[in-house]
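Quick note, the sequence shown lines up with residues 2 to 273 if you use this note's numbering.
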Amino acid sequence: MKKTIIVLIILFFSATLYAAPKKDLWPYWQQHNAQSKSTIKHRVWTQLLKKYDHATTSGINLFAYAAVTNADKAKLKEYLNYLQTIKVTQYSRGQQEAYWINLYNSETVETILQHYPVSSILKIDTSPGWFSSGPWGDKTLVVMNKKISLNDIEHRILRPIWHDPRLHYALNCASISCPNLQRVAYSANKLNAMLNKGAKAYVNSHRGVYFKGDELVVSKIYVWYQADFGGTEQGVINHLIKYAKPKLAKKLALTHSIGDSDYDWALNIYKK
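Now the structure itself:
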């Protein structure tokens, strides 16, 4: 009996650990000013990305966490502090979307740096709750006097307000299987192009999609967030075809189910 209970607890924990949160709109952040021409500056974040985010021959961008100097750690904190002083509801939708993406990614890097050396972001167990894992539920940010977590940014702000599956290619979880952390900050005027670039890069990489014989294998992102990619396996496949290169798209068009999925949570660390 005891063994059965233990097994059930383990199974429940595993399901909870990897279950993706559903969209849960935080209405407060729907406020925006469509007439606003003001911009939010992300120059410092771009400088840090160009210095420490390395494109590799494997197609995976890796971050040199161990090489970040104390001076640059201070710059990152100053940038995060600056973002938290922004009254983001007074900006246009484009400025807001770029803001939240950059805030999410820079806070993720800051979290890794605070706990480095660490082999995986899953090892940073700072989220509240018995069955929570990782740092995503920890409300480490304060914007307009509201305490905010990474989960809030992704699942309560970005996903339910913009309803754009390409956001999954923009938000980086500091892991090998995650879509690349881009080497420049997102900006409102280049947002659409950058989201498309991220989608194409991931779909056409082994991390996103590949065939094992005739079996289609996809990233677990498409399983966890199937609702964002059409709601069905065929919906996911249709999404993949949209961004796939011709040879892959042709093979996907003949496929009507997903055979398997995988994900590597190892840290996306760059080592010389």
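Every residue gets a Cβ at the ideal spot worked out from N, C-alpha and C, and that includes glycine.
Using only alpha-carbon positions, find the residue among S176, T256, A245 and N239 that is nearest to D263. The count along the sequence shown starts at 1 and reaches residue 263 at position 262. Among S176, T256, A245 and N239, the Cα nearest to that of D263 belongs to S176.
Buried or exposed: A67, going by 16 or more other Cβ atoms within 10 Å of its Cβ? Taking the first residue of the sequence shown as position 1, residue 67 is located at position 66. Exposed, since its Cβ has fewer than 16 Cβ neighbours within 10 Å.
Going by beta carbon distance, what residues of the same chain come within less than 6 Å of P166, once the five residues before and after it are set aside? For the purposes of this step, residue 166 is taken as residue 165 along the sequence shown, with counting starting at 1. Here the set comprises D229 and F230.
So N26 packs on P161, CB below 8 Å; how close in whole Å? Against the sequence shown, residue 26 aligns to sequence position 25. Against the sequence shown, residue 161 aligns to sequence position 160. The sequence shown places Leu at residue 26, not Asn. Sure, about 4 Å apart at Cβ, within 8 Å.
Does DSSP classify V210 as helix, strand or coil? The residue you call residue 210 lines up with position 209 of the sequence shown. V210 falls in the strand class under three-state DSSP.
Counting C-beta neighbours from all protein chains within 10 Å, is the total for Y29 16 or more, i.e. buried, or is it exposed? Here residue 29 refers to the residue found at position 28 of the sequence shown. It counts as exposed.
Three-state class that DSSP yields for I270 in the structure shown: Translated into the one-based positions of the sequence shown, residue 270 becomes position 269. Three-state DSSP puts I270 in a strand.
Just mark W131 as buried or exposed, buried being the case when its beta carbon has 16 or more other beta carbons within 10 Å. Residue mapping note: residue 131 aligns to position 130 of the sequence shown, counting from 1. Exposed.
What residue ranges within the segment 227 to 256 form continuous alpha helix (DSSP H) runs of no fewer than 4 residues, ordered along the chain? 234 to 244 and 247 to 254
Those residues which DSSP pairs with A56 across a bridge: Here residue 56 refers to the residue found at position 55 when the sequence shown is read from its first residue. In DSSP, A56 forms a bridge with N62.
Where does V119 fall in DSSP's three states? For the purposes of this step, residue 119 is taken as the residue at position 118 of the sequence shown. Three-state DSSP puts V119 in coil, outside helix and strand.
For the beta strand (DSSP E) holding L217, just list the boundary residues, first then last. As a position in the sequence shown, residue 217 is number 216, starting the count at 1. Start and end: E216 to S220.
Give the list of continuous alpha helix (DSSP H) stretches no shorter than 4 residues that lie fully inside the segment 77 to 139. 94 to 116
When the Cα atoms are used, what is the spatial distance from D153 to K252? Stepping through the sequence shown from its first residue, residue 153 is reached at position 152. Stepping through the sequence shown from its first residue, residue 252 is reached at position 251. Those two C-alpha atoms are separated by around 37 Å.
Classify L26 as helix, strand or coil using the three-state DSSP reduction. Residue mapping note: residue 26 aligns to position 25 of the sequence shown, counting from 1. Coil.
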